[in-house]
Amino acid sequence: MACRIREPSADRKRRALLRAAVGAAAPALTAGCARERDATVRFWAMGREGEVVGELLRELERNAGIRVRVEQLPWSAAHEKLLTAFAGDTTPDLCQLGNTWLPELVALGALEPLGARVRGSSIDAGDYFAGIWDTNTAAGDLYGVPWYIDTRLLFYRPDLLAQAGYAAPPRSWDEWQRMLEALKETVGRDRYAILLPLNEFEPLVALSLQQDEPLLRDGDRWGNFRSEGFRRALRFYLSMFERGFAPAASNNQIANVWNEFGRGYFSFYISGPWNIGEFKRRLPAALQSAWMTAPLPGPRGPGASIAGGSSLVVFRRSRNKDAAWRVVEYLAQPAVQRRFHALTGNLPPRRTTWDDPALKRDPYARAFFDQLERVRPAPKVPEWERIANEMRVMVERVVHGDVAAESAPAELDARADRILEKRRWILDRRAGR
Amino acid sequence: MKRSYAGWIFVAPALIAMAVFFVVPVATALAMSFTDFDIYALADLANLRFVGFDNYGRLLHTPLFWQALLNTLYFVVLGVPLSIVASLGAALLLHSPLARLKAFYRTALFAPVVTTLVAVAIVWRYLLHPRYGWLNYMLAAFGIDPIDWLGDPHWAMPAIILLSVWKNFGYNMIILLAALQAVPTELYEAARIDGASAWRQLRDITLPALAPVLLLVSVLTMAGHFQLFAEPYVMTQGGPAQRTLTVLYFMYEEGFKWWSLGSASAVAFVLFAIMFTVTLLQLRVARYTEAR
Numbered sequence: 004m005a006c007r008i009r010e011p012s013a014d015r016k017r018r019a020l021l022r023a024a025v026g027a028a029a030p031a032l033t034a035g036c037a038r039e040r041d042a043t044v045r046f047w048a049m050g051r052e053g054e055v056v057g058e059l060l061r062e063l064e065r066n067a068g069i070r071v072r073v074e075q076l077p078w079s080a081a082h083e084k085l086l087t088a089f090a091g092d093t094t095p096d097l098c099q100l101g102n103t104w105l106p107e108l109v110a111l112g113a114l115e116p117l118g119a120r121v122r123g124s125s126i127d128a129g130d131y132f133a134g135i136w137d138t139n140t141a142a143g144d145l146y147g148v149p150w151y152i153d154t155r156l157l158f159y160r161p162d163l164l165a166q167a168g169y170a171a172p173p174r175s176w177d178e179w180q181r182m183l184e185a186l187k188e189t190v191g192r193d194r195y196a197i198l199l200p201l202n203e204f205e206p207l208v209a210l211s212l213q214q215d216e217p218l219l220r221d222g223d224r225w226g227n228f229r230s231e232g233f234r235r236a237l238r239f240y241l242s243m244f245e246r247g248f249a250p251a252a253s254n255n256q257i258a259n260v261w262n263e264f265g266r267g268y269f270s271f272y273i274s275g276p277w278n279i280g281e282f283k284r285r286l287p288a289a290l291q292s293a294w295m296t297a298p299l300p301g302p303r304g305p306g307a308s309i310a311g312g313s314s315l316v317v318f319r320r321s322r323n324k325d326a327a328w329r330v331v332e333y334l335a336q337p338a339v340q341r342r343f344h345a346l347t348g349n350l351p352p353r354r355t356t357w358d359d360p361a362l363k364r365d366p367y368a369r370a371f372f373d374q375l376e377r378v379r380p381a382p383k384v385p386e387w388e389r390i391a392n393e394m395r396v397m398v399e400r401v402v403h404g405d406v407a408a409e410s411a412p413a414e415l416d417a418r419a420d421r422i423l424e425k426r427r428w429i430l431d432r433r434a435g436r
Numbered sequence: 063m064k065r066s067y068a069g070w071i072f073v074a075p076a077l078i079a080m081a082v083f084f085v086v087p088v089a090t091a092l093a094m095s096f097t098d099f100d101i102y103a104l105a106d107l108a109n110l111r112f113v114g115f116d117n118y119g120r121l122l123h124t125p126l127f128w129q130a131l132l133n134t135l136y137f138v139v140l141g142v143p144l145s146i147v148a149s150l151g152a153a154l155l156l157h158s159p160l161a162r163l164k165a166f167y168r169t170a171l172f173a174p175v176v177t178t179l180v181a182v183a184i185v186w187r188y189l190l191h192p193r194y195g196w197l198n199y200m201l202a203a204f205g206i207d208p209i210d211w212l213g214d215p216h217w218a219m220p221a222i223i224l225l226s227v228w229k230n231f232g233y234n235m236i237i238l239l240a241a242l243q244a245v246p247t248e249l250y251e252a253a254r255i256d257g258a259s260a261w262r263q264l265r266d267i268t269l270p271a272l273a274p275v276l277l278l279v280s281v282l283t284m285a286g287h288f289q290l291f292a293e294p295y296v297m298t299q300g301g302p303a304q305r306t307l308t309v310l311y312f313m314y315e316e317g318f319k320w321w322s323l324g325s326a327s328a329v330a331f332v333l334f335a336i337m338f339t340v341t342l343l344q345l346r347v348a349r350y351t352e353a354r
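In order, the protein sequence lines correspond to chains W and L. Each residue of the first sequence is one higher than the last, beginning at 4 in my numbering. Each residue of the second sequence is one higher than the last, beginning at 63 in my numbering.
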């Protein structure tokens, strides 16, 4: 239950003042985006999606008479640009949004609720993977329609696993641990059983989401890292470093993850769907049969993982909401999603779309289809990314011996509580009103 | 009366530009540093709290801020002298009458300054790679075990210092070289006639002649080093275990990554106060030595 702050119209003047203040602090970032008055839908898209989406929309533009202007943003600048655009009142009509950013923009009151529009449309909410759909809801309404999904699972080397005496990937933590042990023994001192980059928080977050206890408690007001569940996940995660299964390294020191995976420097790697394409392209033909994907093992049998991905959102200040919504509806059609998958390799969020033979035949995508039925959203608060980053930093500090493993959960709670202080103040004040 | 009026008109463009692009933003930032401005306040100003000096007080109780300050001081204390010695050494070598191909070396040594840091960082990441890196390969020739330059908390900052000195020494070198060329040759001739050794000449002629320029160079280098950001940003992202996270990096994360503009502004003013004090001290020391 993320909070959403409505903007009373009496606040207009103060907002204008505020905008002037922020405008002074971050000048000229949005200078080029003057508002257009015609019926063109301004669509902000990031990275590779921004490059190909124009092609997908051509048919819609021809048949429905909607004009769409796609503006590409690099991922690295997108977050800042969105917040500056909000402050400067230059938000687009339609935007691709990483679903971890959604709670933040909902809290800003920047997004248009879409629940009513979905109910009156061709979009069937039940056809979407439940965990992914859930990440787009906040305060009882829907604010985005999933566009493509991203979750984390195992990439592994069946050949090295076979050498260690195992024919199939692990399903539970116990099995996984036994395999890691055997692998480490086979590959020796200079190679590792698994890569858990110290600069990524996703693997630990995924293992933590498999636990029964939530990561934040009391309506996401406080950290819940002292819970037995998180302790279990953290212990398991840290043991992989302590026992030498994983190198104490970030992606920086690995330099080229794909090469090293091909060389067998590590046999397990927790990563996302984009790496299917990368491994296909970057590993030599001889190694193409030597890698595979598998669902993430859980404490007792197949476990959950992160519900990530991008959604399509409509901005509240848009004057073209109907046209923007038609674009969303069009991009949600299974046939269009299949073409989108063919262009980008992005995995579709609707089960119907997965009936496509190209997707069904892809052995690497199969594990993702399986995993998608077991994805869970991370806590939906604007502060989550910062808290997840604290989790990553804590692991790094324990691995380097700066902090004792036993004191990490309490320390994490203290940090999360400090980060959530403003949220508690706002919720309490609203409750008191 | 009329003349002074004309004077104001002449400086008006500059004054307006300064007011709009410097005074107003700085005043806004100062005001912001006494509030808890964040994304909630961006949504609705009713969520903005005036917190007085809380941001500053909280900084003193944030271990990460102290870590960042310590990292920055480490970089300044080791990096500034190293950088100036390297610049001076290179300038002296280039200025030496024995040097050949001066124009070539001058360009070559200046090249890192004008090279894009991102390109440099990619090359250096490979040079410093723990297993395939050229640096560890050379160390192995001396029987030294491989060092995980960017992954070991103890070695990451030295690696950043090495990169930064290499990248930036050329700039000061050019300034010092120009100053060296301005020292009258008669002084050296007279010294040689008096039988002064090369060391004596350096100590009693070159260095005193360079003193004002060295002061300028050290003030500028110091100010630049306190604002270390780009090198760790592209090389280590502040890691490993936050050992290369500097004050400016800390401010960037607070402000632009987490959007806590209130506390980020406070960090900016603390950094400004530190740099201002250090520069004052430098000038004081310089005046004192000059007077002696």
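We treat Cβ as the ideally placed atom computed from N, Cα and C, and that holds for glycine.
Per DSSP, the bridge partner or partners of residue i
i: proline 300 (chain W); result: W:Pro305
i: arginine 220 (chain W); result: W:Trp225
i: aspartate 144 (chain W); result: W:Ala141
i: valine 384 (chain W); result: According to DSSP, which records beta bridges pairwise, valine 384 (chain W) is partnered with nothing at all.
i: phenylalanine 271 (chain W); result: W:Tyr159, W:Ile197
i: isoleucine 152 (chain W); result: W:Gly312, W:Leu350
i: tryptophan 179 (chain W); result: Its beta-bridge partners do not exist; DSSP assigns none.
i: phenylalanine 318 (chain W); result: W:Leu114
i: threonine 169 (chain L); result: Threonine 169 (chain L) pairs with nothing; no bridge assigned.
i: valine 44 (chain W); result: W:Val71
For residue j and residue i, the rounded distance between their alpha carbons
i: asparagine 262 (chain W); j: valine 401 (chain W); result: 28 angstroms
i: threonine 90 (chain L); j: leucine 323 (chain L); result: 11 angstroms
i: methionine 397 (chain W); j: valine 56 (chain W); result: 39 angstroms
i: valine 147 (chain L); j: methionine 94 (chain L); result: 40 angstroms
i: aspartate 416 (chain W); j: tryptophan 225 (chain W); result: 7 angstroms
i: alanine 103 (chain L); j: phenylalanine 137 (chain L); result: 36 angstroms
i: proline 11 (chain W); j: phenylalanine 228 (chain W); result: Its pLDDT being 40, under 50, proline 11 (chain W) is placed unreliably by the model, and the measurement read from it follows with that caveat. Their Cα atoms are separated by approximately 37 angstroms.
i: serine 259 (chain L); j: arginine 349 (chain L); result: 29 angstroms
i: alanine 358 (chain L); j: aspartate 127 (chain W); result: Because chain L in this structure spans residues 63 to 354, residue 358 (chain L) falls outside the shown range and cannot be described.
i: leucine 155 (chain L); j: alanine 161 (chain L); result: 7 angstroms
i: isoleucine 71 (chain L); j: leucine 92 (chain L); result: 29 angstroms
i: proline 36 (chain L); j: arginine 193 (chain L); result: Residue 36 (chain L) cannot be examined here, being either before or after the span of chain L that is shown, 63 to 354.
i: lysine 383 (chain W); j: alanine 335 (chain W); result: 23 angstroms
i: tryptophan 387 (chain W); j: alanine 110 (chain W); result: 13 angstroms
i: proline 298 (chain W); j: alanine 209 (chain W); result: 12 angstroms
i: serine 321 (chain W); j: leucine 350 (chain W); result: 29 angstroms
i: tryptophan 78 (chain W); j: alanine 411 (chain W); result: 31 angstroms
i: phenylalanine 96 (chain L); j: leucine 219 (chain W); result: 29 angstroms
i: aspartate 106 (chain L); j: aspartate 144 (chain W); result: 20 angstroms
Inter-residue CB distance, residue i and residue j (contact presumed, cutoff 8 angstroms)
i: phenylalanine 288 (chain L); j: tyrosine 311 (chain L); result: Their Cβ separation, rounded to whole angstroms, is 12 angstroms, which puts phenylalanine 288 (chain L) and tyrosine 311 (chain L) out of contact at 8 angstroms.
i: valine 296 (chain L); j: leucine 179 (chain L); result: 6 angstroms
i: lysine 187 (chain W); j: phenylalanine 244 (chain W); result: Contact doesn't hold; Cβ gap of about 12 angstroms is too wide.
i: arginine 174 (chain W); j: glycine 275 (chain W); result: About 20 angstroms separates the two Cβ atoms, so there is no contact after all.
i: isoleucine 101 (chain L); j: proline 385 (chain W); result: 6 angstroms
i: glycine 348 (chain W); j: isoleucine 279 (chain W); result: 6 angstroms
For the region 371–402 of chain W, list every residue whose C-beta sits within 7 angstroms of some C-beta in chain L, in sequence order. Hits within the stretch, in order: Pro385, Arg389, Val396, Glu399, Arg400.
Inset, instruction - Check distances from the C-beta atoms of the region 110–121 of chain W to those of chain L and list, in chain order, the residues that come in under 7 angstroms. - result: So the list reads Ala110, Leu111, Gly112, given in the order they occur along the chain.
Residues in the region 97–109 of chain L with C-beta within 9 angstroms of chain C's C-beta atoms, listed in sequence order?
-> Absent from the structure: chain C. Protein chains present are W and L.
Item to check | chain L contacts from the region 70–94 of chain W (Cβ-Cβ distance under 9 angstroms) | outcome: Interface annotation for the region 70–94 of chain W against chain L: His82, Glu83, Leu86, Phe89, Ala90, criterion Cβ-Cβ distance under 9 angstroms.
- Check whether the region 127–144 of chain W touches the region 305–315 of chain W, counting contact only when three or more Cβ pairs, one atom from each stretch, lie closer than 8 angstroms. Segments in contact, yes.
**Q.** Stretch pair the region 226–239 of chain W + the region 107–119 of chain W: three plus CB contacts closer than 8 angstroms
**A.** These segments do not touch.
Quick check: the region 192–204 of chain W against the region 269–284 of chain W, are there 3 or more CB pairs under 8 angstroms?
They touch, by the three-pair rule.
Chain-ordered residues of the region 289–320 of chain L with a beta carbon less than 7 angstroms from chain W: Residues passing the 7 angstroms Cβ filter: Thr298, Gln299, Gly301, Pro302, Ala303, Gln304, Phe318, Trp320.
| message | Is it the case that the region 342–358 of chain W contacts the region 80–87 of chain W, given that we only count it when at least three CB pairs across the two stretches are under 8 angstroms? | response | Cβ pair count under 8 angstroms is below three, so no.
**Q.** Residues of the region 167–190 of chain L whose Cβ lies closer than 8 angstroms to any Cβ of chain W, in chain order
**A.** Shown in chain order are the members of the region 167–190 of chain L whose Cβ falls below 8 angstroms from a Cβ of chain W: Arg187, Tyr188.
Are the region 145–152 of chain W and the region 95–103 of chain W touching by the rule of at least three beta carbon pairs closer than 8 angstroms?
The region 145–152 of chain W is in contact with the region 95–103 of chain W.
Next on the checklist: Does the region 220–238 of chain L come into contact with the region 167–179 of chain L, if we say contact requires no fewer than three beta-carbon pairs (one atom in each stretch) closer than 8 angstroms?
Outcome noted: A contact exists between the region 220–238 of chain L and the region 167–179 of chain L.
Exercise for the section: Anything in the region 204–215 of chain L with a Cβ closer than 7 angstroms to a Cβ of chain W? List those residues in chain order, please. Expected result: Listed by position along the chain: Asp210, Leu212, Gly213, Pro215.
Would you be able to state if there are at least three C-beta pairs under 8 angstroms between the region 204–214 of chain W and the region 289–304 of chain W? Verdict: yes, contact present.
### Message
Pairs of beta-carbons, one from the region 87–94 of chain W and one from the region 69–78 of chain W, closer than 8 angstroms: are there three or more?
### Response
Under the 8 angstroms Cβ criterion, the region 87–94 of chain W does not count as touching the region 69–78 of chain W, having fewer than three qualifying pairs.
Does the count of Cβ pairs from the region 204–222 of chain L and the region 245–263 of chain L closer than 8 angstroms reach three? No contact exists between the region 204–222 of chain L and the region 245–263 of chain L.
- request: Check each residue of the region 235–261 of chain W: if its Cβ is closer than 8 angstroms to any Cβ of chain L, include it; give the result in chain order.
  value: Those would be Ala251, Ala252, Ser253, Asn255, Gln256, Ala258, in chain order.
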